[in-house]
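Note that the protein sequences, when read in sequence, are chains A and B. Mapped onto my numbering, the consecutive letters of the first sequence carry residue numbers 1 to 480. Mapped onto my numbering, the consecutive letters of the second sequence carry residue numbers 1001 to 1087. Presented below is the structure to which this report refers.
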Amino acid sequence: MARNWLKGAQTRYDSVVIGSGLAGMTAANMLAKAGHSVLLLEQHYNFGGLATWFKRKGGHILDISLHGFPIGMIKTCRKYWSKEIADSIVRLQGVRFDNPQFTFSTTFDKIDFTNIMRERFGVLKEVIDDFFVTAREMNFYDNLSMTTRDLFEKFFPGRTDIHRLLMEPITYANGSTLDDPAVTYGIVFSNFMDKGVYTFKGGTDALVKKMKKEMLKNGVDIRNHCLVDKILVEDKKTRGVRVNGREIESDVVLSNSSLPATIHKLTGDEHFSPEFLEEARKVRMNNSSCQVYMGIKKGEKIDYTGDLLFTSVTDEFSAKKLCDKNVTSRTFSFYYPEIRPGTNQYSIVSSTNANFEDWANLTEEEYLKEKDKLIESTLTALEKYVPDIRSKVDHVEASTPKTFKRYTMHTRGSSFGTKFEGLKISKELPEQIAGLFHTGSVGIIMSGWLGAANYGVIVSNEVDRFLRKVKSERLETVSV
Amino acid sequence: MTRDDVRNAVIGILTDIAPDEDFDALKDEEKLRDQFDLDSMDFLDIVMELRKRYNIEVPEADYEQLVTMTSCIDYLQPLLKNQQMAS
Ligand SMILES: Cc1cc2nc3c(=O)[nH]c(=O)nc-3n(C[C@H](O)[C@H](O)[C@H](O)COP(=O)(O)OP(=O)(O)OC[C@H]3O[C@@H](n4cnc5c(N)ncnc54)[C@H](O)[C@@H]3O)c2cc1C
């Protein structure tokens, strides 16, 4: 008989969290700290969602989404996790760009970007300062019809080189394009391209291990191999979930599953108002990804040339080309032994944005052939920077949008959740069904490690408010 | 709680949220955000702490009432007037 992954689970909890992405785990941790009982259900064997890694023969540990995150993650980890977790966050030393328009290294902060834009691109300091201030001051209440393209044209008209410098890293970080609302750009830019890029010492595995420890300490009941296939709704209220064939009762269901799946699959359209459904159907997903993971042989070295390398052979920035199966732009992440002290091994991960449709409809044979092609072209592209890469590497494999879909169950394998409109829908779920909440990558601004974790906190605040009300009402009924 | 008690309560919360900041020099009439390195998540923390410590709710529409110390006190004192200072 199959193992019972829910052995010892209670029949009811205050809250059930579906999915252990950074948003789900952070919310679960906050709710437990606020004194609520929490059951965290993850369908995969690993916790962490897209914050994940895998191990391969030869001592390789390969990270999926540890390319870098903004400085704000330190504060978020300190406040909502632990000092120990926050203290493992370190700054990356160098980021490189290499494309037909420019080639240089940067420390990826405001001072350095200002110098580069003055000296290399000949922009006046006042204009640059004004741009940084404008980006920082953007907020929700701004005019949403202004796109990032409009913003760039306003400050740097016709300067496709500057547009590329300012956009390409963000497109890789969250899938947004020049056509998305400028407010999403402003918020992400101000977090990301201001005070450097950061990483987690010890790797993703160490981070998730520490988070698990913290959740257990705070009393979260965490379970892997637990696939939720239904959110139970009665009289416009959630009453729990169905997981691995068993029903578990709860006042709150907080879904960290993808937004469309939460609405249409897990809950079911019949429970929502037609107006809400119509809007929900219009929510667009961000792109997916392809990655090529390269493990370097034990004993071999890669000279330090920077941690992140944004490369492209196309003339100008184009978000569409960045997703093209015929890859012309890649981000290489170099992982040096310092990232996992004591292991003394190197790895390189190449990432590109990708369209689900380009990969989903291939025959098995075509799919494997395309994957091999991706690996080959990646190694060839990397030879420009690491000439003897082919002799140094002893493990190579690729992932595609299909891989991301399989491991996270996200609609169309989306790497970065939904476009801007998804945020509103995510926030309005509880107005449709009492006790049903959503958290996780939505709206562009709530994606990435920092965005997802912070959105977990924001939603846990709403859940805490709701649960306190439910509990106090229940007390009143009892005392009557 | 008196206005002074409310002020101390808010300072107590701020000190826990932003331990690296020095709130002794706080100017009550100026925006908190202009004086200290506080972001929107820090303001959410204030709301969560107010609930945890004093059992009061600040709905999202009222977050703007927390912009200066004076506006915090104006908004919170009526809600806290029947409470004792948390120890
Ligand atoms: C290739 C790639 C590179 C990236 N690089 C970076 C980077 O360098 N820096 C950065 O900040 N961000 C990066 N990101 C983005 C970042 O990883 C994500 O935005 C973030 O981790 C998403 O967290 P989340 O909480 O939204 O949920 P996810 O991580 O998407 O997790 C959702 C979880 O829910 C589980 N789940 C779904 N449905 C069910 C169900 N029915 N029952 C049980 N469990 C379920 C899934 O298995 C998954 O574990 C990258 C993403 C990708 C794909």
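Cβ coordinates follow ideal geometry from the N, Cα and C atoms, glycine included.
Separation of residue j from residue i, as counted between CA atoms
i, j, result
"residue 1078(B)", "residue 1058(B)", "13 Å"
"residue 329(A)", "residue 377(A)", "11 Å"
"residue 53(A)", "residue 400(A)", "15 Å"
"residue 392(A)", "residue 309(A)", "19 Å"
"residue 1046(B)", "residue 325(A)", "47 Å"
"residue 339(A)", "residue 205(A)", "11 Å"
"residue 92(A)", "residue 1052(B)", "37 Å"
"residue 386(A)", "residue 117(A)", "28 Å"
"residue 303(A)", "residue 332(A)", "14 Å"
"residue 1044(B)", "residue 79(A)", "12 Å"
"residue 341(A)", "residue 299(A)", "15 Å"
"residue 1048(B)", "residue 156(A)", "41 Å"
"residue 163(A)", "residue 103(A)", "15 Å"
"residue 1019(B)", "residue 1037(B)", "11 Å"
"residue 1055(B)", "residue 465(A)", "10 Å"
"residue 306(A)", "residue 188(A)", "23 Å"
"residue 242(A)", "residue 249(A)", "9 Å"
"residue 424(A)", "residue 284(A)", "12 Å"
In DSSP terms, what residue i is bridged to
i, result
"residue 77(A)", "Residue 77(A) is not bridged to any residue."
"residue 139(A)", "BP columns for residue 139(A) are empty, so no partner."
"residue 295(A)", "347(A), 395(A)"
"residue 290(A)", "352(A)"
"residue 89(A)", "200(A)"
"residue 321(A)", "For residue 321(A), which the question treats as bridged, DSSP gives no partner whatsoever."
"residue 426(A)", "Note: residue 426(A) sits in no beta bridge, so no partner."
"residue 434(A)", "237(A)"
"residue 418(A)", "285(A)"
"residue 195(A)", "109(A)"
Neighbour flag for residue i against chain B, beta carbons, 8 Å
i, result
"residue 425(A)", "no"
"residue 111(A)", "no"
"residue 83(A)", "no"
"residue 79(A)", "yes"
Residue-level contact to chain A via CB, residue i, 8 Å cutoff
i, result
"residue 1088(B)", "Nothing in the structure corresponds to residue 1088(B), since chain B is present only between 1001 and 1087."
Span of the beta strand (DSSP E), counted from its first residue to its last, around residue i
i, result
"residue 239(A)", "237-243"
"residue 198(A)", "198-200"
"residue 1029(B)", "Looking at the DSSP string, residue 1029(B) is not in any beta strand (DSSP E), and its letter there is neither H nor E."
"residue 13(A)", "12-18"
"residue 333(A)", "329-335"
"residue 230(A)", "228-234"
"residue 1043(B)", "Unbroken run through residue 1043(B) is the alpha helix (DSSP H), 1040-1054; no beta strand (DSSP E)."
"residue 163(A)", "Residue 163(A) -> not in any beta strand (DSSP E); alpha helix (DSSP H) instead, spanning 160-174."
"residue 102(A)", "102-106"
"residue 310(A)", "308-312"
"residue 56(A)", "53-56"
"residue 40(A)", "38-41"
Boundaries (first-last residue) of the alpha helix (DSSP H) holding residue i
i, result
"residue 391(A)", "389-392"
"residue 1080(B)", "1069-1080"
"residue 185(A)", "182-192"
"residue 255(A)", "Residue 255(A) -> not in any alpha helix (DSSP H); beta strand (DSSP E) instead, spanning 246-255."
"residue 115(A)", "110-119"
"residue 5(A)", "Element bounds for residue 5(A): n/a, residue is neither H nor E."
"residue 460(A)", "448-479"
"residue 220(A)", "Counting along the chain, residue 220(A) falls outside any alpha helix (DSSP H), and DSSP gives it neither H nor E."
"residue 410(A)", "No alpha helix (DSSP H) contains residue 410(A), which DSSP labels as neither H nor E."
"residue 62(A)", "Careful: residue 62(A) lies outside any alpha helix (DSSP H), inside the beta strand (DSSP E) at 60-63."
"residue 153(A)", "148-155"
"residue 376(A)", "364-383"
"residue 98(A)", "That residue, residue 98(A), is in no alpha helix (DSSP H); its beta strand (DSSP E) goes 95-99."
"residue 1007(B)", "1003-1017"
"residue 26(A)", "22-33"
beta-carbon residue i near ligand 3 non-hydrogen atom, thresh 7 Å
i, result
"residue 450(A)", "Ligand 3 is absent from the structure shown, which contains only ligand 1."
#### Entry: Residues within the region 1026-1047 of chain B neighbouring chain A, beta-carbon criterion of under 8 Å
Listed by position, the residues of the region 1026-1047 of chain B near chain A (Cβ gap below 8 Å) are 1039, 1041, 1044, 1045, 1047.
### Message
By the 8 Å beta-carbon criterion, what residues does the region 451-468 of chain A contribute toward chain B?
### Response
Per Cβ criterion, the list reads 454, 457, 458, 461, 464, 465, 468.
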